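With the first letter of the sequence shown counted as 1, position 25 gets the number 70 in my numbering; the numbers rise by one all the way through.
Don't be surprised by glycine CBs; every beta carbon is placed ideally from N, CA and C.
Here the structure is a predicted model, which means the values were calculated and not measured.
Let me begin by presenting the structure, written as structure tokens, before commenting on it.
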Amino acid sequence: MSKGRGKLEKKGKKILILGASGFIGNAIYKELCNYYDTYGTYCNARRTFEHNGQFFRYDMEEDDIVRILESVQPQIIISAVRGNFAAQIQAHQHMLEYLVKNPCRLYFLSSANVFDAYSKYPSYEYDKTLSESVYGRLKIKIENMLLRLPKSKMAILRVPMVFGNTSPRVKEIKRAIWNNEPVEVFPNLVMNVTNDDKLTQQIHYLINRDKGGVYHLGSNDLVHHEDFIKEVVERIGHFTPIYKRVFTTNEERYLAVLPRDNQLPKNLQMGYQEIIDHHVMG
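So this is what it looks like as structure tokens:
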């Protein structure tokens, strides 16, 4: 056991994951719950979580997050919440007020979409954000709120497309194949990728080492969306699906968040091929 981990885990650091019933939030919960005193929120998946004492029902549009924060008193909040955009902004404003007054850090799961207006090249940690999408603009708004805090209080984790055996993206591909429906590919889109396993290990490391700041948590290399999806389909089985090639532009466009300033240790870095080889069918 590393020195850092031993030191933290004796303290039984308290972690609260917002959106712990979603695909990524639940993967983070499973990664951390054996090491830390970990709590989560759920909204819809009632039957699965309502008898778990570590989970709180939280509807962003009806409930105030402060009630749960005061009940749990976490040292770490991980925000993987989805849903109504206005409610998300208000919830994060309330979290910020809590962070200022309490010994606590927020890890915010952001997205490559904060750069989706810059389509000519990949993006690095300290590039200026600019988005043409409503989703990207929401993430930028919350990022800008966090950037006013000291680095010790927050970490912005920008994530590219997430794959993995139980991921919504892979499930959707499988559903399309089995129903003889076309699988959408974007031939001109150049991206990097990650999966739930690698992402949760990276987040665990950042928490363990008390890291703050801005991190790009994706593969170190780039791949065309069409090539990547075709390789994923090959791993799923011997299918010859119909591909629906969607051209949003005639030129190559990038949606990639590459790490440069805040590199993680080698064992936590990966190439896109590793995502295909180990985790799509893992």
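- Query: So, Glu-271 versus Pro-232, is the Cβ gap smaller than 8 Å?
  - Reply: yes
- Item | Member of Ile-60, Tyr-288, Ala-200 whose CA lies at the smallest distance from the CA of Tyr-260 | Ala-200
- Using the DSSP secondary-structure output, state which residues sit across from Val-235 in a beta bridge. His-269, Tyr-299.
- Whose C-beta lies closer than 7 Å to the C-beta of Thr-174 among residues of the same chain, with five residues either side of it excluded? Val-159, Phe-160, Ile-185, Glu-188
- May I have the straight-line CA-CA distance separating Ile-321 from Lys-146, to the nearest angstrom? Looking at the two C-alpha atoms, the distance is approximately 43 Å.
- Query: If you draw a straight line from the alpha carbon of Thr-294 to that of Leu-300, how long is it in whole angstroms?
  - Reply: 13 Å
- Message: If the criterion is Cβ atoms closer than 8 Å, does the pair Ala-221 and Val-228 meet it?
- Response: yes
- Query: Is Gly-258 helix, strand or coil by DSSP?
  - Reply: strand
- Pro-148 versus Ile-121, Glu-276, Ser-168, residue with shortest Cα-Cα distance: Ile-121
- Message: Could you compute how far the alpha carbon of Gly-266 sits from the alpha carbon of Val-238?
- Response: Note that residue 266 is Asp in the sequence shown here, rather than Gly. Spanning the two alpha carbons is a distance of roughly 9 Å.
- Task: Sort out for me which residues DSSP pairs Ile-248 with in a bridge.
- Result: In DSSP, Ile-248 forms no bridge with anything.
- Message: Does Ser-124 come out as helix, strand or coil in the three-state DSSP assignment?
- Response: If DSSP states are grouped into helix, strand and coil, Ser-124 belongs with the strands.
- Pull up the distance between the alpha-carbon of Ser-116 and that of Leu-202, whole angstroms please. 26 Å
- CA nearest to the CA of Gln-8, picked from Tyr-163, Leu-194, Leu-183, His-269: The requested residue 8 does not occur in the structure, where the chain is confined to residues 46 to 327.
- Query: Should Tyr-87 go down as buried or exposed, given a rule of 16 or more other Cβ atoms within 10 Å for buried?
  - Reply: buried
- Outcome for Lys-75 when other beta-carbon atoms lying within 10 angstroms are tallied against a minimum of 16: exposed
- Message: So if DSSP puts Val-145 in a beta bridge, which residue, or which two residues, is it bridged to?
- Response: Looking at the DSSP output, Val-145 shares a beta bridge with no other residue.
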